[in-house]
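Okay, so the sequence shown: first residue is 683 according to the working numbering, each after it adds one. For each residue, glycine too, the CB sits at the ideal point set by N, CA and C. What follows is one structure encoded as structure tokens, with my remarks underneath.
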Amino acid sequence: MDRGASGTLGTTESYQGMDHLQQSISDLRQDEMKYDQQIKMVSQNIRRLYEEEAFDKGSFENFCYVTHDDMRQQERFADQSVMAIKAPPGTTLEVPDPDEGMPNGKRRFQIFLKSTGLGTHGPVDVYLVRLLNDEQDADGAEESTEEASAHAAPESPAPPLDQVSLTSGCCVDPTLSVF
């Protein structure tokens, strides 16, 4: 009997395996079509909402935010430095390779923010999101519950603990003492 790359050709097992794979592919394609339709529907609804004359486009920004507590509760950020950036539409962010131009074993972390300036003006706000443990470590001692609650961010889009406002086209080096 002929042997293919994956075993004996023409056996009942190989046909059943092929049928199973074809059914899986068909199911995945149907799922993909369903998700594409849902994405299209949500996109159209957002576009319609945004294009309505009665819709106050300025107030749209007030509905889109993440609280400081939301960020602090994300376990995947527990051992990382996290910055939140609020910038005008069209602003680009570039993060160069931290190893480029540095001696072996040394790294330099930088971000470059640039606003295209196409009719959009305003500051670029950079926020350092500190986790509760980081705040305690920075103070050098455990804080009382009362002191810790004084540092907690309110349940609103108000700026979290540390904020730096920058002009467009600048470089932010997170190792600066500002943060």
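To the nearest angstrom, how far is it from the Cα of N786 to the Cα of D779? Taking the CA atoms as reference points, N786 sits about 13 Å from D779.
Using a Cβ-Cβ distance under 8 Å, would N727 count as near chain D? Absence of chain D from the displayed structure is noted, only one protein chain being present.
Could you give the first and the last residue of the continuous alpha helix (DSSP H) run that contains K788? Run containing K788: none; DSSP gives neither H nor E here.
Could you check whether the region 765-780 touches the region 717-727, counting it as contact only if at least three pairs of C-beta atoms, one from each stretch, sit closer than 8 Å? no
Using the C-alpha atoms, what's the distance from R711 back to G699? R711 has its alpha-carbon roughly 18 Å from the corresponding atom of G699.
Residue ranges of each alpha helix (DSSP H) within the region 758-785, 4 or longer: none
Please name the residue in K768, I707 and R754 whose C-alpha comes closest to that of H803. K768
What residue range does the alpha helix (DSSP H) around E695 cover? T694 to E733
Alpha carbon to alpha carbon, what distance is there between D709 and M715? 10 Å
Pick helix, strand or coil for A835, following the three-state DSSP scheme. With a pLDDT of 38 at A835, under the threshold of 50, the modelled position of this residue cannot be trusted; read the value that follows with caution. DSSP, read as helix, strand or coil, puts A835 in coil.
Could you check if L703 is buried or exposed, using at least 16 other CB atoms within 10 Å of its CB as the buried criterion? exposed
Please work out which residues of its chain come closer than 6 Å, Cβ to Cβ, to R729, disregarding the five sequence neighbours upstream and downstream, and give them in chain order. none
Out of K788, Q762, L795 and S763, which has the shortest C-alpha to C-alpha gap to V777? For the residues K788, Q762, L795 and S763, the minimum Cα distance to V777 belongs to L795.
What's the C-alpha gap between A832 and Q762? Note that A832 scores 39 on pLDDT, short of 50, meaning its location in the model is unreliable and no value can be drawn from it.
Is it buried or exposed, Y809, if we count other Cβ atoms within 10 angstroms and call 16 or more buried? buried
6 Å CB neighbourhood of A834 in its chain, flanking five on each side removed: Caution applies to A834, whose pLDDT of 40 falls short of 50 and renders its modelled position unreliable; the value that the coordinates give is listed next. If we look at A834 and ignore the five residues flanking it on each side, it has no Cβ neighbours.
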